[in-house]
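Numbering (this note's numbering), first residue to last: 247 to 897. Working notes, structure below.
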Amino acid sequence: MNPPQTTRPSTGAKRPTYKTNPTTGRYTKAAQKEVERAEARRAAAGESVPLPVAVDRSGAITGLAPAAAGQVVAEAIGRAGALTVDVETSGYPVGHANAALRTVQLGDEHTAVVLDPDDPAQAQVIRTALAAAPRLHAHSATADLVPLAHAGLLDESAWDRMYDTVIPAKLADPTSTGSDPGLKQLAGTVLADSATAPEADKARAALFKAHGWLTDTKALTPVERSGWAQVDSTCATMIRYAASDVLDTAALAVRLPQPPPAVTERERAVQRITARVAHRGLRVDRDQVTHLEAVHTPAMHAAAERLRALGVESAGSDRQLAERLTELGVTLPRTQPSTRHPNGQPSVAAGVLDGLKGTPGPAGDLIAAVLDYRHHETVLTTFLEPYRVLCEAGDGRARPTVYTLGTDTGRMSCVRPNLQQLPREGGVRACITADPGHTLVSADFSGVEIRVMAALSQDPELIRQLREGVDLHAMVAELAFGPGWTKANRYTAKRGVFGWAYGGGIESLARQLGVTADVMQAIVDALRQIAPAYVAWADEMKRMVRSGATQMPTYAGRIIHLPRDYPHKAPNYAIQGTARELLVDALLAWDQTRWGGGVVLPVHDEIVAMVPEADAAFATAELVRCMSRELYGIQIVAEPSEPSAAWRDSV
DNA sequence: GCACCAGGCGCG
DNA sequence: AAAGCGCGCCTGGTGC
Numbered sequence: 247m248n249p250p251q252t253t254r255p256s257t258g259a260k261r262p263t264y265k266t267n268p269t270t271g272r273y274t275k276a277a278q279k280e281v282e283r284a285e286a287r288r289a290a291a292g293e294s295v296p297l298p299v300a301v302d303r304s305g306a307i308t309g310l311a312p313a314a315a316g317q318v319v320a321e322a323i324g325r326a327g328a329l330t331v332d333v334e335t336s337g338y339p340v341g342h343a344n345a346a347l348r349t350v351q352l353g354d355e356h357t358a359v360v361l362d363p364d365d366p367a368q369a370q371v372i373r374t375a376l377a378a379a380p381r382l383h384a385h386s387a388t389a390d391l392v393p394l395a396h397a398g399l400l401d402e403s404a405w406d407r408m409y410d411t412v413i414p415a416k417l418a419d420p421t422s423t424g425s426d427p428g429l430k431q432l433a434g435t436v437l438a439d440s441a442t443a444p445e446a447d448k449a450r451a452a453l454f455k456a457h458g459w460l461t462d463t464k465a466l467t468p469v470e471r472s473g474w475a476q477v478d479s480t481c482a483t484m485i486r487y488a489a490s491d492v493l494d495t496a497a498l499a500v501r502l503p504q505p506p507p508a509v510t511e512r513e514r515a516v517q518r519i520t521a522r523v524a525h526r527g528l529r530v531d532r533d534q535v536t537h538l539e540a541v542h543t544p545a546m547h548a549a550a551e552r553l554r555a556l557g558v559e560s561a562g563s564d565r566q567l568a569e570r571l572t573e574l575g576v577t578l579p580r581t582q583p584s585t586r587h588p589n590g591q592p593s594v595a596a597g598v599l600d601g602l603k604g605t606p607g608p609a610g611d612l613i614a615a616v617l618d619y620r621h622h623e624t625v626l627t628t629f630l631e632p633y634r635v636l637c638e639a640g641d642g643r644a645r646p647t648v649y650t651l652g653t654d655t656g657r658m659s660c661v662r663p664n665l666q667q668l669p670r671e672g673g674v675r676a677c678i679t680a681d682p683g684h685t686l687v688s689a690d691f692s693g694v695e696i697r698v699m700a701a702l703s704q705d706p707e708l709i710r711q712l713r714e715g716v717d718l719h720a721m722v723a724e725l726a727f728g729p730g731w732t733k734a735n736r737y738t739a740k741r742g743v744f745g746w747a748y749g750g751g752i753e754s755l756a757r758q759l760g761v762t763a764d765v766m767q768a769i770v771d772a773l774r775q776i777a778p779a780y781v782a783w784a785d786e787m788k789r790m791v792r793s794g795a796t797q798m799p800t801y802a803g804r805i806i807h808l809p810r811d812y813p814h815k816a817p818n819y820a821i822q823g824t825a826r827e828l829l830v831d832a833l834l835a836w837d838q839t840r841w842g843g844g845v846v847l848p849v850h851d852e853i854v855a856m857v858p859e860a861d862a863a864f865a866t867a868e869l870v871r872c873m874s875r876e877l878y879g880i881q882i883v884a885e886p887s888e889p890s891a892a893w894r895d896s897v
């Protein structure tokens with residue numbers, strides 16, 4: 247093994263020459279400032295050390311030859327029996343023109359080696375180490391494995407060996423790990439004083455600030471503004487920052503409480519399945535994006551014009567809107583009090599405005615215009631524009647990351663882009679398409695919440711209704727509104743039942759539903775009469791939390807951590823968390839079919855999967871089979887959608 | 001000019 | 001005492 251090189255001072259860029267005053271020979275004021283700024287930047291960056299380097303927990307940096315780096319990594323694998331991996335990128339998503347893998351960090355909790363993947367010798371070290379490690383650790387592994395796979399440094403089979411620290415972190419009681427699963431916060435909470443990441447991140451932030459670079463970059467952030475793209479990866483500050491993630495992740499891997507192996511394996515399996523969409527992506531139909539933009543853009547502008555004519559200059563300003571509506575004689579409710587607004591602010595939310603839609607005169611026109619404006623604005627800015635950017639700045643594919651334990655109930659979440667929140671109507675979903683020769687099949691659980699309610703509470707009446715296909719919401723509507731109940735009454739009853747089942751108060755729900763407290767009370771009385779065992783079960787859940795029992799095991803063995811300070815949330819956590827396990831089981835079952843290796847997208851109670859065109863009908867039937875099962879004697883049922891090359895509206 | 005918050009809204 | 005639940009992303013507005 248080569249002896250480690252000693253750390254050496256910066257060889258950085260040549261210092262620029264500055265203007266001096268010709269008579270005095272001194273720097274001008276502006277030049278003086280420039281000198282100071284350059285000095286501050288150098289100080290924030292620290293010395294520069296060519297990669298690869300090794301970094302220990304004290305932050306000491308040791309320069310290495312590539313072969314020696316491989317040796318240090320091999321020793322870490324030997325010590326830990328696993329390799330912790332982390333990467334730094336340019337901050338742009340894979341597929342984007344500016345996407346780049348900048349450094350790769352490998353090691354254990356004692357030593358992290360920072361490598362430059364652009365150097366062929368170091369790339370080989372990375373490849374060899376990643377292939378050799380019997381186990382891999384990362385925190386939020388998708389962010390590391392996807393860029394590594396795209397750089398050809400590993401393949402998706404690496405998931406078979408990945409033990410993501412997010413899994414034990416999110417399975418643990420959030421009061422012990424903090425609600426934010428981000429590594430910096432988690433390391434600070436779990437590792438306390440021995441954490442290296444929080445301080446390293448502070449230094450990194452100071453460096454970005456000294457250069458005026460952005461931390462929070464978007465797809466359209468100019469590359470010269472992005473700190474992640476611009477920063478010198480060989481400066482001590484970035485080396486320590488990069489290394490700290492490995493050091494802390496490796497430490498977390500051995501310190502986080504380990505769930506039962508069967509639970510861990512189940513979570514690893516579903517993470518592997520949902521990671522495919524992040525690796526391979528789904529094709530965005532640019533023509534559909536263009537078509538919808540051509541509809542929504544002029545409509546939004548027209549609505550903004552109407553708003554101006556009615557006295558609201560800035561169409562997106564809720565404050566101006568509230569002011570104008572008040573001038574026109576409308577009384578608005580107030581939002582929740584906060585530190586900034588101790589009395590709340592006048593609320594102009596859709597729920598409020600919907601109830602005022604019929605107001606005669608300019609106020610009514612104003613409300614109609616703003617609801618119209620908001621709709622078009624949301625569709626354009628939240629969905630269509632980001633999709634267009636994926637086509638123009640990227641390769642036309644959306645590669646969302648699915649967080650399989652994204653929420654405190656255990657539900658999954660989805661980011662960059664969040665394909666779980668696409669409008670059900672209006673053709674936005676059709677922007678997401680299958681690859682040529684393939685089709686999207688999908689199915690959703692029917693009435694899964696009510697079925698889980700019945701399963702958990704074992705309410706005999708709910709069970710009977712589900713078996714006989716009786717409409718609970720219609721029964722509630724009949725009891726609450728009388729025999730002449732309407733479809734609208736049934737919808738109100740449905741919202742009331744779920745709202746109350748999840749802990750809502752009569753007054754607050756009545757306000758949300760736009761009914762009197764008496765009507766809301768009648769809905770609740772009806773539910774109590776129809777499903778008393780369910781109501782008793784919900785009460786018992788809350789009582790348990792109040793008495794300190796906050797751990798509810800699901801049928802799959804995962805513990806749902808009920809929020810100690812909010813007993814009224816317990817029934818919802820139990821139901822939502824149990825329904826999540828049904829989704830996991832369906833994904834695991836789907837993975838055992840012949841389409842198992844393909845791209846899937848879970849959407850809480852729906853699964854979308856890409857399959858070869860010719861298989862559409864059979865695959866749909868199989869997907870329904872994978873989603874169907876029995877839960878505590880209750881049939882869990884799935885409803886297929888028509889297969890299609892583009893994701894279909896859901897109504 | 002950036003980071004952060006609140007309100008709002010998309011989904012389940 | 002009472003509190004519908006869970007998310008992610010957008011804009012406007014504020015504060016540094």
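Heads up, the beta-carbon is just placed ideally off N, CA and C, and yes, glycines get one too. A quick note: this is a predicted structure, and the numbers were derived from the prediction, not measured.
Proximity test, residue i beta-carbon vs the ligand ZN heavy atom, cut-off 8 Å
{"i": "V661", "result": "Among the ligands in the structure shown, none appear at all, so the ligand ZN cannot be discussed."}
Beta-carbon separation (whole angstroms), residue i vs residue j, contact threshold 8 Å
{"i": "V360", "j": "A488", "result": "5 Å"}
{"i": "L399", "j": "R381", "result": "With a Cβ gap of about 17 Å, L399 and R381 do not count as contacting."}
{"i": "G590", "j": "D895", "result": "At roughly 36 Å, the Cβ-Cβ gap does not stay under 8 Å, so G590 and D895 are not in contact."}
{"i": "A596", "j": "L617", "result": "7 Å"}
{"i": "L808", "j": "V791", "result": "5 Å"}
{"i": "R529", "j": "T679", "result": "5 Å"}
Option nearest residue i by Cα separation, candidates the options
{"i": "L578", "options": "D564, R565, V598", "result": "V598"}
{"i": "C677", "options": "A644, R552, D354", "result": "A644"}
{"i": "R774", "options": "H719, N818, I821, G803", "result": "H719"}
{"i": "Y819", "options": "T655, E470, F454, I413", "result": "T655"}
{"i": "P848", "options": "G309, D690, P312, A596", "result": "D690"}
{"i": "V455", "options": "Y649, A289, A855, V743", "result": "Reading off the sequence shown, one finds Lys at residue 455, where the question assumed Val. Of the listed residues, the one whose Cα sits closest to K455 is A289."}
{"i": "I882", "options": "R713, P339, H622, A343", "result": "R713"}
{"i": "Q653", "options": "Q368, L417, E724, L391", "result": "Before going further, note that residue 653 is Thr rather than Gln in the sequence given. T653 has its Cα closest to that of L417, out of Q368, L417, E724, L391."}
{"i": "G823", "options": "L538, M658, L376, R471", "result": "M658"}
{"i": "D507", "options": "S584, P414, V594, A438", "result": "The question names Asp, yet the displayed sequence has Pro at residue 507. It is P414 whose Cα lies nearest to the Cα of P507."}
{"i": "G463", "options": "V694, G640, P339", "result": "One detail in the question is off: residue 463 reads as Thr in this sequence, not Gly. When only C-alpha atoms are compared, the closest one is P339."}
{"i": "V852", "options": "S887, G749, P427", "result": "In the sequence under discussion, the amino acid at residue 852 is Glu, which differs from the Val named in the question. With distances taken between Cα atoms, E852 lies closest to S887."}
{"i": "F727", "options": "P427, G742, L602", "result": "G742"}
{"i": "V299", "options": "A284, A328, A680, S479", "result": "S479"}
{"i": "R875", "options": "D811, A892, A825, S490", "result": "A825"}
{"i": "A379", "options": "S294, P296, Y409", "result": "Y409"}
Beta-bridge partners of residue i, as assigned by DSSP
{"i": "R529", "result": "R643, T679"}
{"i": "L352", "result": "V331, V359"}
{"i": "Y649", "result": "S659"}
{"i": "P592", "result": "R580"}
{"i": "H684", "result": "P858"}
{"i": "I880", "result": "L877"}
{"i": "A701", "result": "In DSSP, A701 forms no bridge with anything."}
{"i": "V299", "result": "G309, V360"}
{"i": "H807", "result": "Q797"}
{"i": "D690", "result": "E852, E885"}
{"i": "D410", "result": "A384"}
Beta-carbon spacing of residue i, residue j below 9 Å
{"i": "A524", "j": "H383", "result": "no"}
{"i": "L352", "j": "T330", "result": "yes"}
{"i": "V558", "j": "A609", "result": "no"}
{"i": "Y649", "j": "V412", "result": "yes"}
{"i": "A802", "j": "E827", "result": "yes"}
{"i": "V857", "j": "T627", "result": "no"}
{"i": "H622", "j": "M721", "result": "no"}
{"i": "W836", "j": "I613", "result": "no"}
{"i": "P632", "j": "P583", "result": "no"}
{"i": "T536", "j": "R675", "result": "no"}
- Kindly confirm or deny that the segment 332–339 and the segment 482–500 touch, where touching means at least three C-beta pairs closer than 8 Å. Counting Cβ pairs under 8 Å, three or more are found: they touch.
- Query: Does the segment 314–324 come close enough to the segment 508–520 that 3 or more CB-CB pairs lie under 8 Å?
  - Reply: No contact exists between the segment 508–520 and the segment 314–324.
- Message: I'd like to know if the segment 493–508 and the segment 417–435 are in contact, where contact means that at least 3 CB-CB pairs between them fall below 8 Å.
- Response: Yes, the segment 493–508 is in contact with the segment 417–435.
- Query: Are at least three pairs of beta-carbons, each pair with one atom in the segment 827–845 and one in the segment 521–539, less than 8 Å apart?
  - Reply: Counting Cβ pairs under 8 Å, three or more are found: they touch.
- Query: Counting Cβ pairs, one atom from each stretch, are 3 or more of them under 8 Å apart for the segment 298–308 and the segment 465–474?
  - Reply: They do not touch, by the three-pair rule.
- Looking at C-beta atoms only, is the number of pairs between the segment 851–867 and the segment 682–697 that lie closer than 8 Å three or more? Output reads yes: the segment 682–697 touches the segment 851–867.
- Message: When you compare the segment 794–813 with the segment 730–739, are there three or more beta-carbon pairs, one atom per stretch, that lie closer than 8 Å?
- Response: With the cut-off at 8 Å, the segment 794–813 and the segment 730–739 do not touch.
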